[in-house]
Amino acid sequence: MTDQELQQLVEHISLQYFAKPFTHRAYFNARLKTTGGRYHLNDHNIDINPKMDDGADHAVLIGIIKHELCHYHLHLAGYSAKHNTKQFKQLLKAVGGSRYAPRVQSTRVQTRYIYRCEDCGLEYHRRRRINLVKYVCGRCRGKLHLISQTRQIGA
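Take the sequence shown: its position 127, counting from 1, is numbered 126 in numbering that gives the first Met the number 0, and each next residue is one higher.
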């Protein structure tokens, strides 16, 4: 989906569910990592995380667009656009928007090194290599051993 298709989708959802036009800009922002979208209070534009587009039916994307449009229309109407207000929760429930964005699966392997204590068997998953001479088990002070080392994919 391109930015122009996203813009048309946001305008269509705004008219269909809110009966008000969306007159500002909506676009994908690849720098968003942990959030589904963002509404800008100063220029009223909406950023959407491109990883939230789930493919054919766009169900997750539409839920996030409805969420951001709740912020948009409440703010323009003079209400608070915060998540914890009664108006926001009621409007979000009325239009069927998503309250939270789903977690995005990253393409990288998070754990590169797995260490195990030789005494208690506790496993430690680490991204960085640790000095086995300097560090010991935090639970029992036992000696640690490197169990497995994986290569990082997509770095």
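Even for Gly, the Cβ is constructed at its ideal location relative to N, Cα and C.
In this text, all values refer to a predicted model and were calculated from it rather than measured experimentally.
Checklist entry - So what does residue 38 bridge to, in DSSP terms? => result 45
Next on the checklist: Alpha carbons only, please: which of 118, 77 and 101 is nearest the one belonging to residue 50?
Outcome noted: 101
Checklist entry - First and last residue of the alpha helix (DSSP H) that includes residue 93? => result 85-94
Checklist entry - CA-CA distance, residue 126 and residue 37? => result 30 Å
Next on the checklist: Tell me the rounded alpha-carbon separation between residue 141 and residue 31.
Outcome noted: 41 Å
Item to check | Own chain partners of residue 158 with C-beta closer than 6 Å, once the 5 adjacent residues on each side are dropped | outcome: The displayed coordinates of the chain run from 0 to 154. Any statement about residue 158 would go beyond what the structure contains.
Checklist entry - What is the DSSP secondary structure of residue 154, reduced to helix, strand or coil? => result Its pLDDT being 47, under 50, residue 154 is placed unreliably by the model, and the measurement read from it follows with that caveat. It is coil, neither helix nor strand.
Checklist entry - From residue 16 to residue 94, what does the alpha carbon distance come to, in whole angstroms? => result 6 Å
Checklist entry - Are residue 74 and residue 44 touching if we call contact CB-CB under 7 Å? => result no
Item to check | Boundaries (first-last residue) of the alpha helix (DSSP H) holding residue 60 | outcome: 58-75
Item to check | Option nearest residue 67 by Cα separation, candidates 1, 56 and 8 | outcome: 8
Checklist entry - Anyone know if the C-beta pair for residue 97 and residue 63 falls short of 7 Å? => result yes
Checklist entry - Cβ atoms of residue 53 and residue 26: under 7 Å apart, would you say? => result no
Item to check | Of the residues 137, 90, 131 and 12, the one placed nearest residue 119, counting alpha carbons only | outcome: 137
Item to check | C-alpha gap between residue 0 and residue 111, whole angstroms | outcome: 34 Å
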